[in-house]
Each structure stands twice: as structure tokens, then as C-alpha cells.
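Novice: Chains as they are written, first to last, in our numbering: chain L, 2 to 435; chain R, 2 to 294.
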Amino acid sequence: MRTTRNALWTTLIASLVLVAACGQDDGGGSTATEGNDAGQEAGEFEDVTLEVYSWRPEDAEGYRAIFDQFEELHPGITVEFSPFSSTDYDQILQSALQSGSGPDIVQMRSYARGRQIADQGYLEPVGDLDGLGTFDDEYLDAVRGSDGEVYGVPLALNAAVTLYNVDVFDEHGVDVPTTWPELLDAAEEFESAGVTPVAQAGDAAYLLSLTHAALAPGAYGPDFIDQIRAGETDFTAPEFEASIQRMVDLEPYFPPNFVGISDDEARGMFAMGEAAMYINGDYRIAPLRELNPDLEMGIIPALPDSSSGEVKVSTWVDGAYAALADSENVEAARALLEFMSSQEFGQAFTEQFARTSPVPGTQAEDELIQSLIDLSDQGAVPTLFHIDLAGGQPDTKEEFENALQGMYVGAIDADEVIETVQTSAATWYEPFQQ
Amino acid sequence: MHLFVIPALLVYAVFVLYPVILTLFNSFFAFEGLKRGAWIGFDNFTALFTTPPLDTRVWNALGNNIQIFVLSFALQCVVGFLVASLLYQYRGGREIFKAAYFLPRLLSLIVIGFLWQIIFSPNVGALNQFLEAAGLGALAQNWLGSPSTALYTVIFVEGWYRLGFSILVFLASMQAIPGAIFEAARLDGASRVRLLWYFMLPLTRPAWMILTVLTFIASFEMFDLVYAMQGVTGSPFYSSDTLGLLFYRLAFGGEGGTAAIGLGSALALMLIVGMALISGLMVFFFTRKRVEW
């Protein structure tokens with residue numbers, strides 16, 4: 002009996018130890034590899050298969066076409082695209098990295114979340130790639146580790162925009178606004194005509210910080226962002242207050258009970274012509290067209306207070322591709338990343354996915370996307386909360402958007418929103434630590 | 002012969018014991034993203050109660066969990082008991098009602114959350130439209146979008162989902178009571194209310210115990226339904242936030258934020274210990290007095 006019991010305990014303990022040994026590998030990957038021959042000649046690779054992890058299963062077909070172009074340029078390399086669902090991606094990637102069974106190239110989240118992986122030493126520094134030299138420095142910040150090195154090739158740009166339904170504007174004879182007061186006037190006209198001016202949803206708080214991102218740069222420009230980043234001003238400044246005031250001013254033009262409605266419902270309202278405007282990321286353009294293929298849309302950027310001001314668009318980098326430092330095929334992976342930073346890839350990416358690319362000079366056939374590219378060329382502004390303030394515990398961005406929701410349900414007022422942001426950022430945001 | 006339990010024990014060890022022990026362990030460490038850092042003793046625990054705004058979030062969520070438990074107890078146990086005693090007394094259509102009450106339980110909570118979200122939608126939802134059509138427009142609410150109703154709406158849906166199970170347990174427990182007891186009481190002239198209060202209630206004590214403990218655990222574990230209906234922050238403005246959601250936000254970074262596994266583990270550990278203690282007390286309370294027949 003005793004032997005049986007002992008055997009039982011031994012088995013249990015042994016299995017626990019085994020599991021613990023498998024699960025815990027906090028050592029991270031190797032930090033860097035030697036030899037940065039990114040410019041290797043085509044044909045040098047023999048039978049190399051590169052596995053690429055991504056969180057975009059819906060893009061598989063498009064990537065196949067793009068990777069075919071790459072494989073033609075580098076006949077020895079085959080690229081295999083392995084997508085996972087976006088919500089599980091981070092966990093899958095982290096386990097793959099810890100167990101050392103990772104692929105060669107990974108799609109990497111931008112800013113703080115990507116930095117975590119870079120700082121653990123899993124990624125190959127790629128700042129020396131030729132193509133990256135032409136990238137805007139602001140976009141490269143999305144893929145920098147804490148050591149300042151560049152660890153990835155930024156893939157796509159997101160922009161927070163106000164979309165308007167061209168037919169609804171035409172039908173009611175309303176001109177497309179070019180200043181913030183004009184936008185409020187237009188909203189008033191729609192309101193009195195019985196059309197919902199802005200199809201805004203508020204059940205998920207992140208939608209509200211997105212709306213703020215689309216409107217705020219009209220109230221504060223790049224100068225304010227620079228001052229924040231230099232620690233010269235904080236969120237109690239009048240510029241930020243003015244941006245919150247815009248959120249207050251627009252509220253009467255949102256659908257009734259909008260805090261209880263979902264983005265799907267709001268999107269449906271806009272796509273079906275029941276609302277004149279819809280504020281969200283430009284990545285909602287494709288789903289809107291799926292809802293209504295005949296929908297004709299235009300983009301309203303962040304509008305200035307008067308016609309002498311400039312229009313601006315909040316942008317941020319949405320993901321990047323990075324090579325794993327301990328991949329056996331790191332040179333081939335670098336070749337693929339070099340391709341991903343090329344004009345050719347940027348162009349193909351824009352055409353395949355109707356998204357804007359951070360590669361300078363890409364053109365879109367789609368007029369709407371091209372108009373967004375033009376607007377971004379004129380006045381792209383970094384999206385402060387998505388880029389700088391997605392950190393702290395709890396996250397300052399999350400605190401902000403929930404405070405906005407609190408303001409809309411009457412739990413707190415606009416001043417308390419500002420106070421929440423300032424208090425949260427003061428605990429960790431580096432420029433505020435001096 | 003004891004060796005036969007090894008496969009089951011192994012599965013239990015790997016999927017239950019190991020994560021629990023690891024969580025216990027992790028709660029004493031600092032974390033940098035997903036990477037474990039230095040041993041920091043009880044700092045994670047104190048941080049939960051002393052760093053604003055985390056402290057207000059913890060108390061707010063705990064308050065909500067307590068409300069969920071109290072109201073779920075009323076909705077699932079008390080109502081379940083009353084419906085079960087009705088089904089016990091009136092045989093007509095009993096099987097149909099049993100099946101109908103139990104049916105929601107067969108759906109996934111995520112599906113249920115989604116469906117009720119559509120029903121409760123303030124402008125196009127079936128409930129408000131029905132109220133308008135019935136001339137009760139004044140009662141129409143922004144059910145899930147107002148801090149004064151959101152939590153209660155979720156509790157209602159949770160109750161709707163779990164009621165059938167309580168009814169089945171109570172009914173089974175009532176049917177196990179020898180009919181002679183009721184017959185004797187009835188011969189002595191006991192009214193139906195007295196039967197319910199003096200016989201049915203004490204004699205179904207074991208069922209009350211099981212259901213109270215299960216309701217308590219389900220209320221404090223509340224995550225999937227509220228996540229499906231109110232999102233990861235318990236919208237609007239944390240009014241339907243629960244400890245489960247708060248744990249998720251801390252441990253996995255919520256809506257794209259950074260993860261704080263140490264803080265999350267500390268919260269999870271306190272939840273496990275607290276729930277085990279209170280469940281134990283409940284069992285003690287219910288088994289203290291035995292009712293025999």
C-alpha cells in the first residue's frame with residue numbers, strides 16, 4: 002500500500018516538475034546576431050522556407066499575391082503565411098517565443114506592446130535596412146525598443162477620421178464642413194431634418210477615444226504634442242481642454258442613448274444612410290462597403306476652429322513585421338523585411354488591402370483611400386493616446402476613454418475627465434516625471 | 002487499485018493544480034510584460050488596495066459582485082424554489098415547463114449575452130419597442146447603457162440563464178421527500194403556505210445549500226456574460242465591472258493595454274481564497290443543523 006502511495010506521489014511530483022520546466026522560460030531569446038548582410042544577392046538562398054505569423058487571417062489571399070512577387074525576386078525562398086485570430090495572437094506568439102518554436106518573421110504590435118517583445122531580446126535589430134531610411138521617424142518610433150533600436154518594418158497606418166455619406170449630404174443640400182463651427186452647423190441642419198448627424202456608438206469605451214483622436218487635432222496641433230512629449234505642458238493645458246470641449250459640443254448630435262448602442266449598430270445606421278457622419282478608424286471603410294456596396298463616402302479630417310487654420314489627421318502605426326533573432330533563416334528573413342520596406346511592397350499592400358502604407362510615396366487606386374493619403378501628407382499628427390499614453394496601470398488611454406464614457410452618462414464632468422488623464426499620466430508617463 | 006485514479010489526477014494536476022500554484026507563486030513577483038522579474042513579497046497585494054485608481058476599481062467591483070450574489074440568490078434560489086414548488090403541486094404541463102425553464106442553460110453564455118444585447122438595445126431593441134407599442138414608453142430605458150440599470154439588467158439575464166437549473170435541483174429534492182409527510186400534515190389541516198414554510202423549506206435544506214454555494218461561486222466568478230454584454234471594462238463607466246473583469250484587464254491588458262500579471266495573480270489569489278473560505282462557511286452553516294425524516 003505504502004509503495005503504491007509513494008509511486009503515486011512520485012508520479013505527481015515528477016509531472017509537476019516536468020510541466021514547470023516546460024512552461025517557464027523567462028530567459029528570453031538571444032539578443033542579436035552577427036553579420037548584417039541584408040544586401041545579399043538573390044540566388045544565395047537555397048530551399049529556405051520562411052514562416053510568417055500574422056493576426057490577419059482575412060489577409061491570407063492578398064499576402065499570397067504579394068509574397069509571390071517576393072519569391073520571384075528570391076527564387077530560393079518560399080514564404081509561408083501562418084495567420085491566427087487577432088484576439089489569441091499575443092498569447093500564441095508569447096508561448097511560441099518562450100518555447101523557442103517561433104517562426105522566422107512575426108507580425109508585431111506597434112508601440113508599447115511590441116516594445117515588450119523587443120525588450121525581451123527576441124527580435125533582430127533591423128534599423129540598418131536600406132528601405133527604412135525613407136520612413137518617417139515618427140513611424141519608426143512604433144517599432145523601437147527601449148534601447149532606441151529599430152526592430153521591425155512598420156506595416157500599415159491607421160487614421161482616425163470622420164466619414165460622411167455623400168448622398169445624404171447632397172440630398173439635404175448640406176456643404177461639407179471645412180471648419181469646426183461649420184461641422185456643428187451641418188450637424189444642426191441634419192438634426193432638424195430628422196437625420197442622425199453622427200452615428201456614434203459608446204457601449205465600448207475605446208470608440209470614444211477614437212472619436213477624440215479624430216476631432217482633437219483640430220483643437221491642438223503638433224506643437225502641443227511636442228510640448229507634452231517634452232514635459233513642458235500637461236493635460237490641464239487649455240488646448241487639451243478645448244479638445245474635450247469638442248467631445249461635449251458634439252454630444253447633442255449623437256444618436257439618443259448612444260452609450261447603449263454598439264458600433265455594429267452605428268455602422269449599420271451610417272451605411273444605410275440613416276446618419277450623415279460616422280467617426281472611426283479608416284479601417285472601417287472596407288466593412289462599411291461590405292454593408293452597402295453603393296455607399297459613397299468622403300473623409301472629413303480634424304477641422305480647425307477657423308478657415309485660417311490647417312486640417313490635420315491623427316495617424317498611428319498599426320503593426321509591423323519583425324524577424325526573430327534566433328531564427329535559422331535570419332538572413333532570408335532580413336531579405337523579406339527589406340522587401341517589406343520597399344516602395345514595391347508598400348504599393349502592393351495599399352492596392353491589395355485598401356489600407357495606407359507608411360512607405361512614402363505609395364498611391365492608391367481607390368479615390369477615398371487616396372484622399373486619405375493626401376490628407377495625411379498634408380497634416381498627419383501622431384495620435385497621442387494610442388501612441389504615447391497606452392501604458393501605466395491601469396492604462397492611461399483606457400482611463401481616458403472610460404472617463405469619457407463616464408462623462409456621457411453623467412457620472413463625472415469634463416473637468417474630471419481631464420483630471421483623470423492628468424493623474425493617470427503623472428504616475429508613469431516619462432516626460433511628466435521630471 | 003488506487004493507480005486507476007492516476008490519469009485523472011494527472012489531468013487535474015496539469016490543468017488545475019499547476020496553474021493555481023503558479024498563480025500563487027506569480028502573485029509575489031514583479032512583472033515586466035509577460036516576463037517575471039524580482040520577488041516583491043506582498044507588494045502586489047498592497048498595491049491593489051492602495052494605488053489609485055486601482056483601489057476604487059477593486060472596491061467598486063467587489064460591491065458589484067456582492068450585489069450580483071444577493072440579487073442572483075433572490076432570482077435563482079428564491080424564485081427557483083417557488084417555481085419548483087408550483088411544479089411539484091401542479092402536475093399539468095410539468096415536463097414542458099421544466100424543459101422550457103432549462104432550455105437557456107443549453108446555450109453558450111456568449112450567445113445569450115449577444116442575443117439579450119440585441120433585445121435590450123435602446124433604440125431598435127425588442128424590449129423598448131414592445132414597451133412603446135404597449136403604451137408603456139415611459140418605462141423604456143437605456144438598459145445596458147445607463148449606470149443605474151446596466152448591472153441589474155445583466156443580473157436579470159444571468160438569473161434567466163440559471164433559473165432552470167435551480168428549479169430542477171429543488172424539484173428533485175422535493176420529490177425525494179416521502180409523500181406521507183405532506184399527507185399527514187394536510188390531514189392535520191395545514192394550509193399550503195404552512196406546508197411550504199414548515200415542511201418544504203426545511204426538508205429541501207441540502208438543495209438550498211448546494212444552490213446557495215453554486216450561486217455564490219457563479220456570482221463571484223461572473224465574467225463571460227458581463228464581458229459579452231458590457232465589454233471588458235464593465236461599461237458604462239465601470240458600473241457593471243466585476244472582479245473577474247478586473248482580473249482579466251490586469252492579467253491580460255484589457256483593451257490593448259499592458260498586462261500586469263503580478264497584480265492580476267494577486268487579485269486571483271485573493272478571490273480563490275476568499276471564495277473558498279466563504280463557501281466553506283456556507284456549507285458549515287447549512288450542515289450545522291440536520292433535518293431528518
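Built from N, CA and C at the ideal position, the CB exists for glycine as well. Just so we're clear, the structure is a prediction, and the values are computed from it rather than from any experiment.
Taking 7 Å as the limit between beta carbons, can you name the residues of its chain near G263(R), skipping five residues before and five after?
Specialist: As a position in the second sequence, residue 263(R) is number 262, starting the count at 1. If we look at G263(R) and ignore the five residues flanking it on each side, its Cβ neighbours are N27, S28, F30, A31, F32, N45.
Novice: Flag this pair as yes or no: are the beta carbons of W181(L) and A220(L) separated by less than 9 Å?
Specialist: Taking the first sequence and counting its residues from 1, one reaches residue 181(L) at position 180. Taking the first sequence and counting its residues from 1, one reaches residue 220(L) at position 219. Cβ atoms of W181(L) and A220(L): closer than 9 Å.
Novice: Quick check on DSSP: helix, strand or coil for R145(L)?
Specialist: Here residue 145(L) is taken as the residue at index 144 of the first sequence, counted from 1. In the structure shown, R145(L) sits in a strand (DSSP, three-state: E or B).
Novice: On the three-pair Cβ rule with 8 Å, is the segment 271 to 280 of chain R touching the segment 84 to 104 of chain R?
Specialist: Touching, no.
Novice: Considering only DSSP beta bridges, list what V49(L) is partnered with.
Specialist: Residue mapping note: residue 49(L) aligns to position 48 of the first sequence, counting from 1. Answer is I78(L), bridged to V49(L).
Novice: Tell me, please, whether the CB atom of V249(L) is closer than 9 Å to any CB atom in chain R?
Specialist: Start at 1 with the first residue of the first sequence, and residue 249(L) comes out as number 248. No, because no Cβ of chain R sits closer than 9 Å to the Cβ of V249(L).
Novice: Output the distance between the C-alpha atoms of G175(R) and L197(R), rounded to the nearest integer angstrom.
Specialist: Taking the second sequence and counting its residues from 1, one reaches residue 175(R) at position 174. Taking the second sequence and counting its residues from 1, one reaches residue 197(R) at position 196. The displayed chain sequence assigns Met, not Gly, to residue 175(R). Cα to Cα, the separation comes out at about 11 Å.
Novice: Under the rule that 16 or more other beta-carbon atoms within 10 Å means buried, what is Q246(L), buried or exposed?
Specialist: The residue labelled residue 246(L) in the question sits at position 245 within the first sequence. Exposed, because fewer than 16 other Cβ atoms sit within 10 Å of the Cβ of Q246(L).
Novice: By alpha-carbon positions, which one of P104(L), A113(L), D69(L) ends up nearest to Y430(L)?
Specialist: As a position in the first sequence, residue 430(L) is number 429, starting the count at 1. When each option's Cα is compared against that of Y430(L), the closest is A113(L).
Novice: Curious, which full-length alpha helix (DSSP H) runs of at least 4 residues does the segment 291 to 328 of chain L contain?
Specialist: Those alpha helix (DSSP H) runs which fall completely within the segment 291 to 328 of chain L and span 4+ residues do not exist here.
Novice: Under 8 Å: do the segment 252 to 268 of chain L and the segment 103 to 122 of chain R share three or more Cβ pairs, one atom per stretch?
Specialist: At 8 Å Cβ cutoff, the stretches touch.
Novice: Near S210(L), what residues of its chain come up, given a Cβ to Cβ distance below 8 Å and the 5 sequence neighbours on each side ignored?
Specialist: To locate residue 210(L), count along the first sequence from 1; it is residue 209. Here the set comprises F386, H387, K398, F401, E402, L405.
Novice: Is the beta carbon of E339(L) less than 9 Å from the beta carbon of D131(L)?
Specialist: For this step, residue 339(L) is matched to residue 338 along the first sequence. For this step, residue 131(L) is matched to residue 130 along the first sequence. Yes, Cβ-Cβ distance for E339(L) and D131(L) is below 9 Å.
Novice: Name the chain R residues whose beta carbon is nearer than 8 Å to that of V260(L)?
Specialist: Here residue 260(L) refers to the residue found at position 259 when the first sequence is read from its first residue. Under the 8 Å cutoff, chain R gives N143, G146, S147, S236, P237.
Novice: With a threshold of 9 Å between beta carbons, is L17(L) in contact with chain R?
Specialist: The residue labelled residue 17(L) in the question sits at position 16 within the first sequence. Residue confidence for L17(L) is low, a pLDDT of 43 falling below 50, so the modelled location carries little weight and cannot support an answer.
Novice: Between N61(R) and chain L, is any beta-carbon pair separated by less than 9 Å?
Specialist: Indexing the second sequence from 1 puts residue 61(R) at position 60. Not one chain L Cβ lies under 9 Å of N61(R).
Novice: Is Y91(R) helix, strand or coil when you go by DSSP?
Specialist: By 1-based counting over the second sequence, the position of residue 91(R) is 90. It is coil, neither helix nor strand.
Novice: Check whether chain L comes within 9 Å of A261(R), counting only Cβ atoms and requiring the distance to be less than that.
Specialist: Here residue 261(R) refers to the residue found at position 260 of the second sequence. Output row for A261(R): interface = yes.
Novice: At which residues does the beta strand (DSSP E) containing T163(L) begin and terminate?
Specialist: Walking along the first sequence from the start, residue 163(L) turns up at place 162. 154 to 166 is the span of the beta strand (DSSP E), which, as asked, contains T163(L).
Novice: Let's test the definition: count the other Cβ atoms within 10 Å of the Cβ of S109(R) and tell me whether it reaches 16, buried, or not, exposed.
Specialist: Position 108 of the second sequence, counted from the first residue, corresponds to residue 109(R). With fewer than 16 Cβ atoms within 10 Å of its Cβ, S109(R) is classed as exposed.
Novice: Quick one: does G30(L) have its CB under 9 Å from some CB of chain R?
Specialist: To locate residue 30(L), count along the first sequence from 1; it is residue 29. At G30(L) the pLDDT is 39, less than 50, meaning the model places this residue with poor confidence and gives no usable figure here.
Novice: Which two residues bound the contiguous beta strand (DSSP E) that contains R37(R)?
Specialist: For the purposes of this step, residue 37(R) is identified with residue 36 of the second sequence, where counting begins at 1. 36 to 40 is the extent of the beta strand (DSSP E) around R37(R).
Novice: Note the first and the last residue of the continuous alpha helix (DSSP H) segment covering G263(R).
Specialist: Mapped onto the second sequence, residue 263(R) falls at position 262. Note, G263(R): alpha helix (DSSP H), 262 to 288.
Novice: Are there 16 or more other CB atoms within 10 angstroms of the CB of G281(R), so buried, or fewer, so exposed?
Specialist: For the purposes of this step, residue 281(R) is taken as the residue at position 280 of the second sequence. With fewer than 16 other Cβ atoms within 10 Å, it is exposed.
Novice: Say whether chain R places a C-beta atom closer than 9 Å to the C-beta of T424(L).
Specialist: Your numbering for residue 424(L) matches position 423 in the first sequence. By this cut-off, T424(L) is an interface position.
Novice: On the three-pair Cβ rule with 8 Å, is the segment 312 to 324 of chain L touching the segment 295 to 304 of chain L?
Specialist: As far as the Cβ criterion goes, the segment 312 to 324 of chain L touches the segment 295 to 304 of chain L, which means the pair count is three or higher.
Novice: Report the rounded CA-to-CA distance for V12(R) versus Q92(L), giving the unit in angstroms.
Specialist: As a first step, residue 12(R) is located in the second sequence; it is residue number 11 there, counting from the start. As a first step, residue 92(L) is located in the first sequence; it is residue number 91 there, counting from the start. C-alpha separation (whole angstroms): 22 Å.
Novice: By alpha-carbon positions, which one of S425(L), D283(L), G320(L) ends up nearest to V518(L)?
Specialist: An answer regarding residue 518(L) cannot be provided, because it is not within the stretch 2 to 435 covered by chain L.
Novice: At which residue ranges does the segment 83 to 154 of chain L contain complete alpha helix (DSSP H) runs of 4 or more residues, listed in the order of the chain?
Specialist: Runs found: 87 to 100, 112 to 120, 138 to 141.
Novice: Using 8 Å for Cβ pairs, my map puts I168(R) next to Y228(R). What's the rounded Cβ distance?
Specialist: For the purposes of this step, residue 168(R) is identified with residue 167 of the second sequence, where counting begins at 1. For the purposes of this step, residue 228(R) is identified with residue 227 of the second sequence, where counting begins at 1. Contact flag wrong, Cβ pair sits at about 26 Å.
Novice: Taking the alpha carbon of R61(L) as the reference point, which residue from F82(L), N159(L), E368(L) has its own alpha carbon closest?
Specialist: Counted from its first residue, the first sequence places residue 61(L) at position 60. Looking at the sequence itself, residue 61(L) is Ala, so the reference to Arg does not match. The candidate whose alpha carbon is nearest that of A61(L) is F82(L).
Novice: Does the Cβ of D26(L) have 16 or more other Cβ atoms within 10 Å, making it buried, or fewer, making it exposed?
Specialist: Taking the first sequence and counting its residues from 1, the one referred to as residue 26(L) is at position 25. Unreliable placement is indicated for D26(L), whose pLDDT of 40 sits below 50; no coordinate value is reported for it.
Novice: Mind pulling the alpha helix (DSSP H) runs of 4 or more residues that sit fully within the segment 264 to 289 of chain L?
Specialist: Fully enclosed alpha helix (DSSP H) runs of 4 or longer: 264 to 272.
Novice: Evaluate the contact criterion for the segment 203 to 214 of chain R versus the segment 366 to 385 of chain L: three or more CB pairs, one atom per stretch, below 8 Å.
Specialist: No, because fewer than three Cβ pairs between the segment 203 to 214 of chain R and the segment 366 to 385 of chain L fall closer than 8 Å, the two stretches do not touch.
Novice: Name, please, each residue of chain R whose Cβ falls closer than 7 Å to the Cβ of V410(L).
Specialist: Taking the first sequence and counting its residues from 1, one reaches residue 410(L) at position 409. Under the 7 Å cutoff, chain R gives S147, P148, P237, F238.
Novice: Please name the residues in the segment 197 to 211 of chain L whose beta-carbon is closer than 8 Å to at least one beta-carbon of chain R, in chain order.
Specialist: Within the segment 197 to 211 of chain L, the qualifying residues are G203, D204, A205, A206, Y207.
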